[in-house]
């Protein structure tokens, strides 16, 4: 059984989020949540929320299909970060000039599966 969760338009750069996603890929879901809870990087919180949402989605899916649900058997099968739209802002500079600031966004996706299905 697979369960998927997505967070879109998260205000964190994809490059920074990918560094954190690499920490949890292939781990058990509960272990991934524990790692993210204590990770000092700023993208760890939204990624942790996505993993917890995927666990909840798996629980709902198991209840709907009348399948046995054991949270300890869930493994992070896929975890990836795609680039979202970039917000363009301008910062005033000296002598009437302006510099462009790019505020990048991310789409975070996590897919959980049973150990047998992973």
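Numbering (our numbering), first residue to last: 144 to 261.
From the three backbone atoms N, C-alpha and C, an ideal C-beta is built for every residue, glycine too.
Model, not experiment: these values are computed from the prediction.
Item                                                                                                                                                                            : Value
Would you mind reading off the limits of the alpha helix (DSSP H) that contains residue 195?                                                                                    : 187 to 208
Output needed for residue 227: all residues of its chain with C-beta closer than 6 angstroms, excluding positions within five of it in sequence on either side, in chain order. : 152, 248, 249 and 250
Going by beta-carbon coordinates alone, are residue 186 and residue 147 separated by less than 8 angstroms?                                                                     : no
Can residue 197 and residue 144 be called in contact, C-beta distance under 8 angstroms?                                                                                        : no
Please report the distance separating the alpha-carbon of residue 225 from that of residue 207.                                                                                 : 30 angstroms
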